[in-house]
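Residue numbers (this note's numbering), protein chains in the order written: chain A, 124 to 590; chain B, 124 to 590.
We put the beta carbon where it would ideally sit given N, CA and C, even for glycine.
Everything below concerns the one structure shown next.
In C-alpha cells form, the structure reads like this:
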C-alpha cells in the first residue's frame, strides 16, 4: 500500500539526498542558534541594565535579526526571493544552489521552528512545575471571571467600534475583534517568573486566566474561522472543542494525580542516567501530543504535565534539572517570535501604512482597556493588586499573530486591517512587560519565599522591591 | 538577485503551507521523541540489569523501533513505500496525505536527525569538559601511536586479505579496508563515561586516539572517495585537509586558552538567566560550525570547546548544567544510530546474505585484531591496561556506516561487500561495550576520584570494582 500518492516527491527526495543536504542543514541550524543566542543575550542584557524585563530584550533582539532588519533569521513565509542572509552565507561557502539550497533553507527553518515550539513547551512545563495546583483551583473562580471578561469586553468593544466608527463589514470586524481576545501565556508567564511573582496570588490568577484564555481563544478562533469560511457557525465543532478542552484539562489533572505515585515509583527503580528528566519529558510530551491531537495546543498539555509533577516529591529535583534545558530552548521561542514580526507596518512615513495605523491606534486602546478592566472584576480577594492582573493579560504575542495569519489566509481581512491587527499585537506584546514591572513595583505585597529558587539563577537587580 | 533557480519549489512550499504542515510536524516530532525515549530507557535499563553498558541498550532499543523491526523511527532513505508507522498514525488521525504527508514526514525526519546531531555535539562537548587537556597532551604520543597503528593495520590486513583471499578488485577492497580504520568516538566515550574510566590514563589515551582517528578517518575517506571517483588520489585536497585539521585543533586550543579569561569575565558580567550555559553553547556551536565548514566534523569542534572550557574556573558549574541537556539529547543520537541500522543483513537464512556474511566474518576478525593490537604498541606507560585500550578502539559505529554509505553511493561496492561492511560495523559496535566492561573489570587500577561526579547520576551497580 503506497502511502504517498505523488511519487515525483520521492524522486526529489532521492535527488537532493540526505548525504548532501544534511551536513548543510546542520551548519545552517548551528549558525541560526548562534545568532538566536547572541540576539537573546545582547537584547536581554541591555534590557536588564535599563531595568526592563529581559524577555522584552529577547523579542527586540529577534526583531533586529529577523525579517524587519538584518534578515539573519527568516522563515519561508517571509523569505521573499533572496532567502535569509545566513543561507546566502551557506551558499557562498559551498557550491550548493537552486533546489538544493532551497531544500537546505527549508530544512533549517523547519528545525528552528520546531526547536522554538519545543522551547515554549518546555517553558509551559516549567511554569506548570512552578505553579501550585491547589492555589490555582482556589483562585479558579477569579481566574475564570478575568478570562471571560477579558474575552467579552475587547471583542464587543472592538467589533462594534470597527463597524460603527470605521464602517468595516461585519465578518472582518468580527475577526479583528476576535484577535483582541487573545492572551500570550508564554510572554506573561516569563515576565512573571522574571519578576519572581509567579506564585503570588496575582501571578496564579493571571496564569489561570491566561490558560483559560488560551482555551477560549482556540474556541473563538474556530468560531470566527468557520464564520469567515462558510458564513455560519458550525455549532457541533464548537461543542466538541469545548467538551474536549474541558475533558482534557480535568482528565489530565485527575488521572495524572492518580498515576503520579506510579511515576515516582518507576523513576526510583531506574538505574541509568537521566531517569527523572527523561521520564518527565515523556510524560510532558505525551500530554502535549494528546492536546495537539484534539485540536488544543501542545503547550496546554505541557502545562498540565508540569502541574501534576509539581505535586510529586521529585519536583524540586526536576525544577533544577529543567532549568538548563529551558535556558537552552526558551530563548529560541522568543527570538523567533520577534524575528517573524515585520515591524515595517509601524512606519508612519509609508503612506500605505496610514489607514492601518489609524485603525491600529483604536485597536491598541481597546486591547489595553479591555484587558485592564478584567483585574477590577476580581472579587473576594483583599489587598490584591487588581491593576497588575489586568496588565498581565495585555500581551497578545504569538496567539494574536495566529489570528492575523488565519484571517489573512481566509481572505476575510483587508490589508490595512491585517496590518492594524499586527500593530496591535506588536504594541501590546512589547508594552506589557515594562508596564507589568511598573505596576508590580508599586505593589505592597512581598513575594512568597517559594520563588527564591527560580530567582537564584537571576540577576541581583531583579530582587523584589519590598517597601 | 533570485537565490533559487527553481521557482516551482517556491510554489510547492507555498502550497504545503507552514500553517497546515507545522502542527503535524510538531506532533510527529513529539511522537518520535516519546518513542526514542521509551526505547532508550527500556533498552538501557534492561542492559544495566544484566550488567551490560546502558548505551548498548539504547542502540538495541533503536534497532527494535527502527528500520529492522517496528518501523516506528525510520528516515527517508529507509522508508520505502510505506513510510514510518508513526507517520501512518499521523495520517489516520488527520486527513493529510500525498505530498503533504510526505512533506510532514520529511520535516519530522529532518528535525529528529538534527536533534541527534545536536546530541552527539553535546556529548562530545561534555566529554571534552570531563577530559584533561594536560593529560591528553601528556599521553599525546601514545595516543598518536594507537591511532596510526589502528588505521594502518586494519587497512593493510583488510585490503590485502580481500584481494588475496576473496579475489575482490582493488578499488572496492581499498574501500572496505578504509571502512575498517574508523573508530566511533561517541560510543567509546559514552561507555568509558558509564564505566567511570574517562579520566583514567587508559581512558585519556583512548579518547585522544579516537579523536585523532576521527581526523585520520576523514582523510582516509577523502582519499578513497577520490580514488573511487577519478581513479587517482588528489594530493592537493588531502594536503589541505591535513593542514586544516591540524591548524584547527591546535589553533582552537591555543586561541581558546588565550580567550577563555575574556569568556569568564563576560559571563561574570551577565545578569540574566542562563548566562553560563548560553555563552558556552555559543562557544561550542561556533567551533562546531568552523570544524564543519572546513570539512572536518562538527563534533571535533564541540570536543575542542569542551576541552578549553574545562580549564576555566566555571567548569564544575558548567558540567552540572550540561548534564540535563545531555540526558535529553544524547539518547536521540544512539537510538537513531540503532534505528538506521538494518540488521536483516545478519540473517543467515536468507541466501542473498551468505556471500556477504562470509566476507563479513573475515572483516570482523580483522576489525577486532587490527584494533586490539594497537594497545600493545603503547610504550613507556607502566601498569597500563593495554588490552583495554585496544578494545576501546573497536567500535566503528556511525563512522563506519558513513564509509559504507559513501562507498555505496560512489558505486564502488558490490551489494555483498556493502552488506559485509555493515555487518562488521554492527558487530564491532555492539560487541565493544560489553567487552570493554569485561577488560576493565579485570584491571587493577582504581579510577581516579574526579570521576565521582559523572558517576553520581548513575547506578549503584556501576561502582568500579576495586580489587
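Is residue i near residue j, with beta carbons less than 8 Å apart?
{"i": "residue 417 of chain B", "j": "residue 383 of chain B", "result": "no"}
{"i": "residue 162 of chain A", "j": "residue 187 of chain A", "result": "yes"}
{"i": "residue 262 of chain A", "j": "residue 324 of chain A", "result": "yes"}
{"i": "residue 447 of chain A", "j": "residue 244 of chain B", "result": "no"}
{"i": "residue 427 of chain B", "j": "residue 363 of chain B", "result": "no"}
{"i": "residue 543 of chain B", "j": "residue 479 of chain B", "result": "yes"}
{"i": "residue 335 of chain A", "j": "residue 294 of chain A", "result": "no"}
{"i": "residue 180 of chain B", "j": "residue 485 of chain B", "result": "no"}
{"i": "residue 224 of chain B", "j": "residue 214 of chain B", "result": "yes"}
{"i": "residue 517 of chain A", "j": "residue 269 of chain A", "result": "no"}
{"i": "residue 540 of chain A", "j": "residue 316 of chain A", "result": "no"}
{"i": "residue 185 of chain A", "j": "residue 460 of chain A", "result": "yes"}
{"i": "residue 309 of chain B", "j": "residue 494 of chain B", "result": "no"}
{"i": "residue 306 of chain B", "j": "residue 333 of chain B", "result": "yes"}
{"i": "residue 330 of chain B", "j": "residue 271 of chain B", "result": "no"}
{"i": "residue 483 of chain B", "j": "residue 522 of chain B", "result": "no"}
{"i": "residue 402 of chain A", "j": "residue 386 of chain A", "result": "yes"}
{"i": "residue 178 of chain B", "j": "residue 457 of chain B", "result": "yes"}
{"i": "residue 311 of chain A", "j": "residue 340 of chain A", "result": "no"}
{"i": "residue 559 of chain B", "j": "residue 514 of chain B", "result": "yes"}
{"i": "residue 359 of chain B", "j": "residue 258 of chain B", "result": "no"}
{"i": "residue 292 of chain A", "j": "residue 344 of chain A", "result": "no"}
{"i": "residue 158 of chain A", "j": "residue 209 of chain A", "result": "yes"}
{"i": "residue 247 of chain A", "j": "residue 433 of chain A", "result": "no"}
Applying the criterion that 16 or more other CB atoms from any shown protein chain within 10 Å of the CB defines a buried residue, is residue i buried or exposed?
{"i": "residue 182 of chain A", "result": "buried"}
{"i": "residue 398 of chain B", "result": "buried"}
{"i": "residue 337 of chain B", "result": "buried"}
{"i": "residue 499 of chain B", "result": "exposed"}
{"i": "residue 567 of chain A", "result": "Any reading at residue 567 of chain A must be qualified, since the residue scores a pLDDT of 48, below 50, and its modelled position is unreliable; no value is offered."}
{"i": "residue 551 of chain A", "result": "buried"}
{"i": "residue 481 of chain A", "result": "exposed"}
{"i": "residue 406 of chain A", "result": "buried"}
{"i": "residue 391 of chain A", "result": "exposed"}
{"i": "residue 372 of chain A", "result": "buried"}
{"i": "residue 227 of chain B", "result": "buried"}
{"i": "residue 381 of chain B", "result": "exposed"}
{"i": "residue 569 of chain B", "result": "Caution applies to residue 569 of chain B, whose pLDDT of 46 falls short of 50 and renders its modelled position unreliable; the model cannot decide the point."}
{"i": "residue 474 of chain A", "result": "exposed"}
{"i": "residue 454 of chain A", "result": "buried"}
{"i": "residue 437 of chain A", "result": "buried"}
{"i": "residue 561 of chain A", "result": "exposed"}
{"i": "residue 65 of chain A", "result": "The question about residue 65 of chain A has no answer here: the residues shown for chain A are numbered 124 through 590."}
{"i": "residue 196 of chain A", "result": "buried"}
{"i": "residue 239 of chain A", "result": "buried"}
{"i": "residue 413 of chain A", "result": "buried"}
{"i": "residue 236 of chain A", "result": "buried"}
{"i": "residue 198 of chain A", "result": "buried"}
{"i": "residue 151 of chain B", "result": "buried"}
{"i": "residue 288 of chain A", "result": "exposed"}
My understanding is that residue i touches residue j, with C-beta atoms under 8 Å, so please give their C-beta distance in whole angstroms.
{"i": "residue 429 of chain A", "j": "residue 252 of chain A", "result": "4 Å"}
{"i": "residue 322 of chain B", "j": "residue 255 of chain B", "result": "6 Å"}
{"i": "residue 519 of chain B", "j": "residue 490 of chain B", "result": "7 Å"}
{"i": "residue 168 of chain A", "j": "residue 395 of chain B", "result": "6 Å"}
{"i": "residue 144 of chain A", "j": "residue 230 of chain A", "result": "7 Å"}
{"i": "residue 160 of chain A", "j": "residue 389 of chain B", "result": "Not a contact, Cβ separation roughly 13 Å."}
When the Cβ atoms of the segment 437–445 of chain A are set against those of the segment 516–535 of chain A, are three or more pairs found closer than 8 Å? Touching, no.
Any alpha helix (DSSP H) of 4 or more consecutive residues that is wholly inside the segment 404–488 of chain A: List check, alpha helix (DSSP H) in window: 421–432 and 438–463.
Return the chain-ordered ranges of every alpha helix (DSSP H) run that is complete within the segment 251–276 of chain B and spans a minimum of 4 residues. Runs of alpha helix (DSSP H) with 4 or more residues, each lying fully within the segment 251–276 of chain B, are found at 256–261, listed in chain order.
Which full runs of the alpha helix (DSSP H) of 4+ residues lie inside the segment 513–541 of chain A, going along the chain? Runs of the alpha helix (DSSP H) inside the segment 513–541 of chain A: 520–533.
Are the segment 279–290 of chain B and the segment 468–477 of chain B touching, with three or more C-beta to C-beta distances below 8 Å? Contact between the segment 279–290 of chain B and the segment 468–477 of chain B is absent, because fewer than three Cβ pairs lie under 8 Å.
Given 8 Å as the limit, is there contact between the segment 355–375 of chain A and the segment 407–422 of chain A, that is, 3 or more CB pairs closer than that? In the pairwise beta carbon analysis, the segment 355–375 of chain A is classified as touching the segment 407–422 of chain A: at least three pairs are separated by under 8 Å.
Does the segment 258–274 of chain B come into contact with the segment 167–179 of chain A, if we say contact requires no fewer than three beta-carbon pairs (one atom in each stretch) closer than 8 Å? No contact exists between the segment 258–274 of chain B and the segment 167–179 of chain A.
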